[in-house]
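Quick notes on the structure that follows.
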Amino acid sequence: MTDHWSLVVSGITLAFTLKNILALILGTVIGIVVGVLPGIGPTAGMALLLPMTFGWPPATALILMGAIFFSSNFGGSITSILINAPGDASNSATMMDGFPMTENGRGNEALGISATSVIVGGGVGVILLVFTAPLIAMFALRFGPAENALLAVFALSIIAAMVVGSPVKGLISAGIGLFLATIGYDGVSGNIRFSFGVPYFEDELQLIPVVVGMFAVSQVITMGEEGGTIAKVGKLAGSLMEGIKSYARHPATILRSLGIGVFIGALPAAGRVTSSFMAYADAVRSSKNPESFGKGNPEGVIAPETANNSCAMGDLIPTLALGIPGSTAAAVFLGIMIMHGVVPGPRAFVDNGQVLYALLTSLVLVTVVVFVFGISCSGYFARLSLLSNEVIVPYILIFSLLGAYAIRNSFADVLLTCFFGLLGYVMKRFGYNPVPLILGLVLGEMAEKNFRRAMIVSDGSYSIFYASWIAKILLAMSLLSIIYPYLKVLYRRAGRGRRHVFSSP
Amino acid sequence: MKKGRIGTKDVRKANLMALATALVVTVALALPASGADKFPSNPIKLVITHAAGTSNDVEARTAQPFLQKYLGVPIVIENMVGTGGRKSREFVIKEKPDGYTLLSTGMPSCQIGEILFKGRYQTLSFTHIYSLFSESTALLVKSDSPFKNMADFVEKAKGKTLSCAVPGVGSTAHLNGIVLTRYLKLNTKWVPFDGGTEALTAMAGGHVDYVICDTGSATAMLQGKVARPLMIFEDKRDPRYADVPIQKDLGYNVDTIPSLRGVVGPPNVPADVVNILEAAFIKSAQDKDFLALAEKAKVKITARDAKQFFAVSKSIYDEIKAEEGNLSAMVKPEK
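Quick note, the sequences are listed as chains A and B, same order.
Each step along the first sequence adds one to the number in our numbering, with nothing skipped, and position 345 is 345.
Heads up: take any position in the second sequence, counting from 1, add 1000, and you land on our numbering.
Next comes the structure, spelled out in structure tokens:
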């Protein structure tokens, strides 16, 4: 035990050497920059810097990569909140209320919330990573194809919570998303679907052109029409401090989002996009004023941001505990760890304790650096929302299309972004919520592929979908979340009815 | 009135600018021309079939600094992602065969892309330059699985239909698995996942009976004792897993479909250019720093020069051609 503590202490000391602090700051800056650019995420950022670190000591190299891995999320949130263009697909949920807050002049406050969730989500994530990683990782392994399919169905079922008001339009939007998820190469049968002979559609649709188009580009069209400034009130109202304060006012939402983030992160089959949307939908559903969401409700930023940041740490849970990466970015991080001789797994802390404790310490420090960076720069960033639309519209458009191009250096992706920009604009005009479409696209693939894999394993018997207790719970939760809105209505009617009885003479 | 203000000074300035521009252009044009007889004198573009961070990409980036050292020009890596690599192959095959555009591609993914997925390129017409990396395929079970070894596995699997996770339809692992199970007369339910990691995860959670995938994806899980290899599909034992038996040790008369990654150019790259590129690869493959790095990263180096590389590529091509009927039946729409 004393041996172990001396490892912990030496790891922490190692994290605080000048070289490692510099690597940490460099990694954070790079992470935020790749995060800001749509189309370039932490995966590409880490891969591009890999050759540079070959000669470095393992701790320094991993600290740099860990900083990029974690901090990119905040970079993506900045643009989500301020200009409605997500830096990465995983920042999409943040736009739902983050951008409306900016429109209300509260961009500063939204950024404050985002920065605070970095420190809370990341910090709690690291703590869970240190103390419960093997436990959570073993639980995550129990999710097979059947459970993953049911999880996707459950996540889809909570769309119901988000389409309050116009369920038919919401379902149409989700249906389009589900259809889009079937275009291209089908990994289970090996067939190509709905490509109509066009090579571009032989691939699965990329999420970034759809998201950037539906939100940023369609927003640009609206902004061009309206003129004025993003912040419609013409001045900045909220402050960073208010952001921190309003964050603290919602402990229940924070706790649930933390749970969703860490757990979905630990699942290799689902990632940040799913976790942030699930946390968002969960916040909407449990709120007393669900109709206030999408109009600049701070809770709508708190939930996805907290989930997103803790999800990044959740990704690392099975990665460190079992050598099973929780996401694509974590897979690259795992490769880099192996390259530097740090092999994860149950013996990792015995073999490479010092390096790993230095890495974990640095991950905590990264959250602090990002927070400090966030609160010191947000004030300047938020002023973007006071620029005249005539000035800022072309820049948002260039930025969005550049990001779409950067994913695969493909002009076809830019055209697709423009198409979805128009579609998003039309949908908004006619009152169709674009969020279910995005969710359908993300979850459709997960639901379909895993459903078919489960059916192969079970020889075509549906019993696999209620065989395990996890499957039973997920099934029950999905049913419940579909009928919940109706129960609520019934309950209210019953309540009103009773009152009526009592008040009647 | 304003016209008159353009004085001689401005004209002279403009002339000077024109002269300077002309000079710069001449020098710029002259530079590559003076070195044209000596390849390489310009940066070389290396196209990667997959995204940054994938194994093909990471391997290329590992070799990049050493190739730059021995060629003396920058190697610019470009990830041309799409259609499982077919997009980049269709692009490179039409490029100028001057040695300045190269492609790093996996095999048999290249042959499968052409034969099964009707890629618009011909694998064997590419100029094969060098293959530095290879990958083994392994059959793995959970570390606490009842299957003790291959003989035990075959005995327990007889008469049953076990489920096997593979990284994708028509992947190297899938092909090796089809050939092996046909030889052992085992019935198998193939469950295709998106990549080796997902397939291994399903195995580690006990959702499938076993997995066949590349050892590269399994590195960490093998070290973490989550997975246990029963056999490796190779003609020679893999030095990284020297105690794991191969077909020959088990007495199976089954060919291996090898998996390798190599660098090719458009058709008809001149022989002298190929020789220069090949020499740089040979020097890199012997570089001590490079070997140390590869060992640390647990990547398998199997150096094959242009001739050997082409020979392997052709044998893979013939093998897949022979299996074409079988495989297309698997990827045809279910009715």
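The C-beta atom is built at its ideal place from N, Cα and C for all residues, glycine as well.
Check whether Ala348(A) and Leu356(A) have beta carbons under 9 Å apart: It is a contact, given that the beta carbons lie within the stated cut-off.
Contact with chain A by Ser1163(B), beta-carbon distance below 9 Å: yes
Span separating the alpha-carbon of Thr1197(B) from that of Lys1142(B): Rounded to whole angstroms, Thr1197(B) to Lys1142(B) spans 14 Å at the Cα level.
Whole alpha helix (DSSP H) elements within the stretch 1264-1319 of chain B, 4-residue minimum: 1271-1286 and 1288-1297
Pair within 9 Å by beta-carbon distance, Asn1092(B) and Gly1265(B): Going by the sequence as given, residue 1092(B) is Val instead of Asn. Yes, the Cβ-Cβ distance between Val1092(B) and Gly1265(B) is below 9 Å.
For Leu1124(B) and Ala312(A), the rounded distance between their alpha carbons: 44 Å
Interface flag, Phe196(A) vs chain E, CB-CB below 9 Å: This model lacks chain E altogether; the protein chains it does include are A and B.
Candidates Val220(A), Glu202(A) and Arg142(A): closest to Gly1205(B) by CA position: Arg142(A)
CB contact below 9 Å: Gly1082(B) versus chain A: yes
Simplified DSSP assignment, three categories, for Thr999(B): There is simply no residue 999(B) to check, as chain B begins at 1001 and stops at 1335 in what is shown.
is_contact[Pro38(A), chain B] using C-beta, thresh 9 Å: For Pro38(A), the nearest beta carbon of chain B is not closer than 9 Å to its own beta carbon.
Assigned secondary structure, Leu387(A) (DSSP; H/G/I helix, E/B strand, else coil): coil
Chain B within 9 Å of Lys472(A), Cβ atoms only: no
Rounded straight-line distance, which links the Cα of Asp1214(B) to that of Ala1285(B): Straight-line Cα distance between these residues: approximately 22 Å.
is_contact[Thr43(A), chain B] using C-beta, thresh 9 Å: So yes, Thr43(A) belongs to the interface.
Which listed residue (Leu475(A), Val369(A) and Ser400(A)) has its alpha carbon closest to that of Ile32(A): Val369(A)
6 Å Cβ shell around Arg106(A) - same chain, five flanking residues per side excluded: Here Arg106(A) has Ala237 and Gly238 as same chain residues with Cβ atoms under 6 Å from its own Cβ, once five neighbours each way along the sequence are excluded.
Where the beta strand (DSSP E) containing Ile506(A) begins and where it ends: In the structure as shown, chain A begins at 1 and stops at 505. Residue 506(A) is therefore absent and cannot be evaluated.
Helix, strand or coil at Thr17(A) according to DSSP, with G and I counted as helix: coil
His1207(B) at chain A interface by Cβ criterion, 9 Å: It does: the Cβ of His1207(B) has a partner Cβ on chain A nearer than 9 Å.
Counted within 10 angstroms of its Cβ, other Cβ atoms place Ala1157(B) as buried (16 or more) or exposed: buried
Beta-carbon neighbours of Thr1219(B), restricted to chain A and to distances below 9 Å: Gly323, Leu334, Gly335, Ile338 and Val343
Interface flag, Thr132(A) vs chain B, CB-CB below 9 Å: No, no contact with chain B.
Beta-carbon neighbours of Ala1329(B), restricted to chain A and to distances below 9 Å: None at all; the shortest Cβ gap to chain A is about 11 Å.
For Lys288(A) and Leu24(A), the rounded distance between their alpha carbons: Take the alpha-carbon of Leu24(A) and the one of Lys288(A): they are about 42 Å apart.
Euclidean distance between Cα positions of Ile21(A) and Leu365(A): In a straight line, the C-alpha of Ile21(A) is about 9 Å away from that of Leu365(A).
Ala149(A) at chain B interface by Cβ criterion, 9 Å: Ala149(A) does not count as touching chain B.
C-beta contact flag for Phe1233(B) and Leu1139(B) at 9 Å: Yes; because the gap between Cβ atoms is below 9 Å, this pair is in contact.
Strand pairing of Arg193(A), partner residues [DSSP]: Bridge partners of Arg193(A): Gly184(A).
Per-residue contacts from Tyr185(A) into chain B (C-beta, under 8 Å): Thr1083 and Gly1084
Classification of Asp459(A) by the beta-carbon crowding that lies within 10 angstroms, buried from 16 upward: exposed
Other residues of its chain near Arg453(A): CB distance less than 6 Å, five sequence neighbours each side excluded: Pro145
Alpha carbon of Phe502(A) to alpha carbon of Glu291(A), nearest angstrom: No answer about Phe502(A) holds up, because its pLDDT of 41 lies below 50 and its placement is not dependable.
C-beta neighbour in chain A for Ile1320(B), strict 9 Å: no
Buried or exposed (CB count within 10 angstroms, at least 16 for buried), Tyr449(A): First, the amino acid is wrong: residue 449(A) is Lys here, not Tyr. With 16 or more other Cβ atoms within 10 Å, it is buried.
Length of the line joining the Cα atoms of Ala1218(B) and Leu334(A): Roughly 11 Å between the two C-alpha positions.
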